[in-house]
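Written below as structure tokens is the structure these notes are about.
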Amino acid sequence: MAIFGKKTTEHKETKAAAPAKAGAVSRPKQLTGIVVSTKMKDTVVVKVDRFEKAPKYQRYMKISKKYKAHDAGNTKKEGEKVTIIETKPYSKDKHFRVA
5 MAIFGKKTTE
15 HKETKAAAPA
25 KAGAVSRPKQ
35 LTGIVVSTKM
45 KDTVVVKVDR
55 FEKAPKYQRY
65 MKISKKYKAH
75 DAGNTKKEGE
85 KVTIIETKPY
95 SKDKHFRVA
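If you want my numbering, it's the 1-based position in the sequence shown plus 4.
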């Protein structure tokens, strides 16, 4: 780009990503679902349902997902409604515990 006969170079300024706030803590996820399996030691499988809008059809669809959750002592039975809370990983697949 030339201004009054002089050649200049344009420098693009890049913004660095905002640094994480010191001491900022995110809340763990809390999900509610139904226990579908208690066959593993200290583990339950919880089915969580949610409704999501399908833009093509303008209707709501029921979407389910199964989570493995830690249940010390296998206190829950199949069919019970439970709340699970996100926590540190207990294993490869287990990242929740029963509240």
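Here a beta-carbon is modelled for each residue, glycine too, at the ideal position from N, C-alpha and C.
Pull up the DSSP beta-bridge partners for residue i, would you.
i, result
"GLU90", "PHE100"
"SER68", "ASP53"
"VAL48", "ALA73"
Going by CA-CA distance only, name the one from the options that's closest to residue i.
i, options, result
"SER41", "ARG54, LYS57 and VAL86", "VAL86"
"VAL102", "LYS66, PRO93, ASP53 and LYS80", "LYS80"
"ALA76", "PHE100, LYS33, LEU35 and VAL29", "PHE100"
"LYS43", "SER95, LYS92, PRO93 and HIS74", "HIS74"
"GLU90", "LEU35, VAL29 and ALA28", "LEU35"
Taking the C-alpha atoms as reference points, what is the distance between residue i and residue j?
i, j, result
"GLU82", "VAL48", "9 Å"
"ILE88", "TYR64", "24 Å"
"LYS92", "PRO32", "10 Å"
"ASP53", "LYS70", "9 Å"
"TYR94", "ASP46", "11 Å"
Are residue i and residue j closer than 7 Å when you measure CB to CB?
i, j, result
"ILE38", "LYS51", "yes"
"LYS72", "LYS98", "yes"
Just reading off the beta strand (DSSP E) that residue i is part of, what are its end residues?
i, result
"LYS33", "Run containing LYS33: none; DSSP gives neither H nor E here."
Examine the ligand ZN and report whether any of its heavy atoms sits within less than 6 Å of the Cβ of residue i.
i, result
"THR79", "Although the ligand ZN was asked about, the structure shown includes no ligands whatsoever."
Could you confirm whether any beta carbon from chain C is found closer than 7 Å to the beta carbon of residue i?
i, result
"LYS57", "Note that chain C does not occur in the displayed structure, where there is just one protein chain."
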